[in-house]
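Asker:
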Amino acid sequence: WHQMFSFGNGTIAPRGAIHATLPKHIAKQVQKDEGVVYPNLCFGVVGRGVMEDTWTEYTEEEMEEYDPWEHDDVEHYPNGRKSLQLWSGHQLQTTPCKNTGAVIEWYYI
Numbered sequence: 048w049h050q051m052f053s054f055g056n057g058t059i060a061p062r063g064a065i066h067a068t069l070p071k072h073i074a075k076q077v078q079k080d081e082g083v084v085y086p087n088l089c090f091g092v093v094g095r096g097v098m099e100d101t102w103t104e105y106t107e108e109e110m111e112e113y114d115p116w117e118h119d120d121v122e123h124y125p126n127g128r129k130s131l132q133l134w135s136g137h138q139l140q141t142t143p144c145k146n147t148g149a150v151i152e153w154y155y156i
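Sequential numbering from 48 applies to the sequence shown in the numbering used here.
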């Protein structure tokens with residue numbers, strides 16, 4: 048499908064987030080297949096927000112390995128979120144916009 052993206056203003060997506068909305072026909076199919084659908088998706092990173100709100104599935108081996116951001120002594124920003132430097136070299140992913148801890152807030156100059 049042809050997808051447009053938008054910048055969040057604090058209503059359906061956090062302020063400064065890059066987000067997209069699933070087309071209605073795809074949202075209906077996802078709801079039919081999986082029961083839960085998050086129509087608003089934002090760019091974010093795994094492990095920074097609520098893990099239950101992520102779409103990533105892990106094997107048992109992957110669950111036993113600690114990623115750099117899973118250690119207790121990592122750097123945090125003043126707002127309490129973990130430093131994005133911990134995700135250097137990792138891919139961005141889409142996450143439900145309600146998972147505000149994982150959503151990356153962008154600043155435009």
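Don't be surprised by glycine CBs; every beta carbon is placed ideally from N, CA and C.
Fair warning: this is a prediction, and the values are worked out from it, not measured in the lab.
Confirm, please, whether the CB-CB distance from Gly55 to Ala67 is below 8 Å.
Answerer: no
Asker: Smallest Cα separation from Asn126: which of Gly148, Gln138, Trp134?
Answerer: Gly148
Asker: Could you work out which residue in Leu88, Lys71, Ala74, Val77 is closest to Phe52 when comparing CA atoms only?
Answerer: It is Leu88 whose Cα lies nearest to the Cα of Phe52.
Asker: State buried or exposed for Thr58, treating a residue as buried only when at least 16 other CB atoms are found within 10 Å of its CB.
Answerer: exposed
Asker: Looking only at its chain, what residues have a beta carbon closer than 8 Å to the beta carbon of Ala74, apart from the 5 residues adjacent to it on each side?
Answerer: Val84, Pro86
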